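To start, the structure itself, in C-alpha cells.
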Amino acid sequence: MGEGERPYNSAVLRALHLVSMILSMLLPLAPVVSAQDSVQPSEHRIWAEDGGEGEDLWAYDRPDVRLVADFSFFTGSQVVRGMDTDYFGMGFVIDGHVRIYEDLYLDAAWAFAHGSFTVPSDTFPIGGGSTRVGNPYLGASYFIDARPVRLAFGLGVTLPVSSTPEISDPMDLDNVAGSVADVLVARMEGNVRPWLYLPSALSIVGKGRIESVGPFLLAADLAVAPMIAIDDAGVYGGETEFVLVPAAEIGWRAYPWLSLGVRGQVAAFPTEPDETLGSLEPFLEASKKNIGHFRLGFLLQLGGPNGSTFDDDGLWALRLTTGILF
134 MGEGERPYNS AVLRALHLVS MILSMLLPLA PVVSAQDSVQ PSEHRIWAED
184 GGEGEDLWAY DRPDVRLVAD FSFFTGSQVV RGMDTDYFGM GFVIDGHVRI
234 YEDLYLDAAW AFAHGSFTVP SDTFPIGGGS TRVGNPYLGA SYFIDARPVR
284 LAFGLGVTLP VSSTPEISDP MDLDNVAGSV ADVLVARMEG NVRPWLYLPS
334 ALSIVGKGRI ESVGPFLLAA DLAVAPMIAI DDAGVYGGET EFVLVPAAEI
384 GWRAYPWLSL GVRGQVAAFP TEPDETLGSL EPFLEASKKN IGHFRLGFLL
434 QLGGPNGSTF DDDGLWALRL TTGILF
C-alpha cells in the first residue's frame, strides 16, 4: 500500500464525523428534557455544607429494571490468518438487571460477535463471514449511596457456551472468519469483558466501582476474572487465564441524567502479556428512569495486540448502547 493510500485512517475519520453529527443533533435537546426535571425540596434531601436540608438535584432514582442493547462497530484493514483483508466486525450484547431486594440486583448478559472479510483481488475477490455466540453471564450486584460517592459491587459467572470452530478446510472462509470474530470483537470493547467471548472457558467475575455525586464526574472501577479452560481448544491453548481490568472516568454532568466524559482502561493478562490492551473512550451518556438509556462512545486503542488505532491494522470501535429503564 502506498504512502498516500490510508483507507483505514479514512474509516476512522468517517466514524469520528458520524459521532460529531449525532452529538450535534442530541445536545440541543438537553434543555428541553431538563425543563421537566424540577425537583421539589420535599422530595429529596441533600447533605448541605451547613448541615441543613435542601433540594437534592443529584438524587438518583435507580431503576427497578434495566434492559439495554450494546453495539460495537468496526470496519477497516485486518490481517486474518496471514491474509490482508477488508474487515467488518460487530459486537452485540444484551445486558440487563432487575431489582430483587432493595439495593440488590440480579444481572444477566449475553454477547454475540460477527466478523466478515474480503480479500481484495483484481480478478476474483474471496471472503467469508460468521456470527459467534458468546458466553451468557449471570450474577448479582449491590449498590450503596454513601454521599459524596456511590459504590457498586458485583459477582457473577459465565457459562461456557462459546466454542472454537473447527477448520478442517483452510478455504472454509466462513469458519476462518468465525475463528477470529470473538477475539477481535472483544478487543473492539477494549478487552474489558473478554469472559463474554473467550471460547471453551468458565469465568468467575468480580467487579467494583466508585463514582462521585454532583456535576463533576470522577469514577474508578476494577474487574477481575479467572477464565478457567474446560478443554484444549480455547484461545490460549487450553490454559487457564486471568484478566485484571482497572479503569477510570473523568467528565462533567450537565444534568443528573446527562454526562460527557472520557474513560481510560487497561485490560491486563499477567500470563499473556502480549494480550494486554490499553484504550481510551470519549463518551456521551443520557440515562433517566421511565425514559431510557443512551450512550455513544468512540473507543481508541493506545496499544496492544493490534497496535494503536492509527496503525494500519489497528482497531477502533464506534460504540452505541440504548435501552429501557423503569
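Here the sequence shown stands for residues 134 to 459, numbered as in the numbering used here.
Every residue gets a Cβ at the ideal spot worked out from N, C-alpha and C, and that includes glycine.
A quick note: this is a predicted structure, and the numbers were derived from the prediction, not measured.
Per DSSP, the beta bridge partners of P359 are F375.
About 6 Å separates the CB atoms of A314 and S263; that is less than 8 Å, so the two are in contact. Relative to W385, the option among I227, L331 and S345 whose CA is nearest is S345. Y238 is positioned such that its CB atom lies closer than 8 Å to that of S274. Look at R320 here: in three-state DSSP terms it is helix. Per DSSP, T454 is one residue of the beta strand (DSSP E) stretching across W449 to L458.
For L200, the three-state secondary structure derived from DSSP is strand. Assignment of W328 by DSSP, reduced to helix, strand and coil, places it in the helix class.
L413 and V395 do touch by the CB rule: their CB atoms are close to 7 Å apart, below 8 Å.
Excluding the 5 residues flanking it on each side, V198 has same chain C-beta neighbours closer than 6 Å at V231 and F459, in chain order. Within the same chain, and ignoring the five residues on either side of D203 in sequence, the residues whose Cβ sits closer than 6 Å to its Cβ are V226, D228 and T454. The three-state reading of DSSP puts P348 in coil, since its state is none of H, G, I, E or B. Under the criterion of beta carbons closer than 8 Å, V376 and A401 qualify as touching, at roughly 7 Å. Here DSSP, grouped into helix, strand and coil, assigns E408 to helix. DSSP, reduced to helix, strand and coil, places G215 outside both helices and strands of the structure shown, so it counts as coil. Look at S249 here: in three-state DSSP terms it is strand. Taking C-beta atoms under 8 Å as the contact rule, D354 and G341 qualify, at a distance of about 6 Å. When the alpha-carbon of P348 is set against those of E418, A387 and P281, the nearest one is in A387. Straight-line spacing of the CA atoms in D255 and T218 works out to 14 Å. Around the CB of A279, fewer than 16 other CB atoms lie within 10 Å, so the residue is classed as exposed.
In terms of CA proximity to F206, L451 leads the group L451, S312 and I457.
Per DSSP, the continuous beta strand (DSSP E) segment holding L288 begins and ends at V282 to T291.
In this structure, the beta-carbon distance from L410 to P389 does not fall below 8 Å.
Using a Cβ distance threshold of 8 Å, N268 and L292 count as a contacting pair. Remark: C-beta atoms of P415 and F431 approach each other more closely than 8 Å.
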